[in-house]
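Notes to accompany the following structure.
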Amino acid sequence: MILLSVVFYTGLNSIGVKALLCIWFVLITSPTGAHAIARAAHRSGIRLWEGSVMDKYADDREGAEDIA
Numbered sequence: 002m003i004l005l006s007v008v009f010y011t012g013l014n015s016i017g018v019k020a021l022l023c024i025w026f027v028l029i030t031s032p033t034g035a036h037a038i039a040r041a042a043h044r045s046g047i048r049l050w051e052g053s054v055m056d057k058y059a060d061d062r063e064g065a066e067d068i069a
């Protein structure tokens, strides 16, 4: 929100373009970072929340044991 406010306040000059690039970078990298954190937690044995409906990484864990 702050970066978007910077774009509206400054316009499309060099500062506004840099703010837009920062917004784009955060939107692109956030899902990848969340996936990496979730997968690392699962591999290290952190238990899922009691309200979890499915375990999407269970197949990865079984496959990793076959390879190693």
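Residue numbers (my numbering): 2 to 69.
Each residue gets a CB set at the ideal place from its N, CA and C atoms; glycine is no exception.
How big is the Cα-Cα spacing for residue i and residue j?
i   : j   : result
H43 : C23 : 30 Å
G17 : Y58 : 40 Å
A39 : T11 : 37 Å
A35 : S53 : 17 Å
I47 : D60 : 16 Å
S31 : K19 : 18 Å
L13 : L5  : 11 Å
S45 : S15 : 44 Å
T33 : M2  : 21 Å
Can you list, in chain order, the residues of its chain with a C-beta nearer than 7 Å to that of residue i? Leave out the 5 residues immediately preceding and following it.
i   : result
L49 : D56
So, using beta-carbon positions, are residue i and residue j closer together than 8 Å?
i  : j   : result
V8 : L21 : yes
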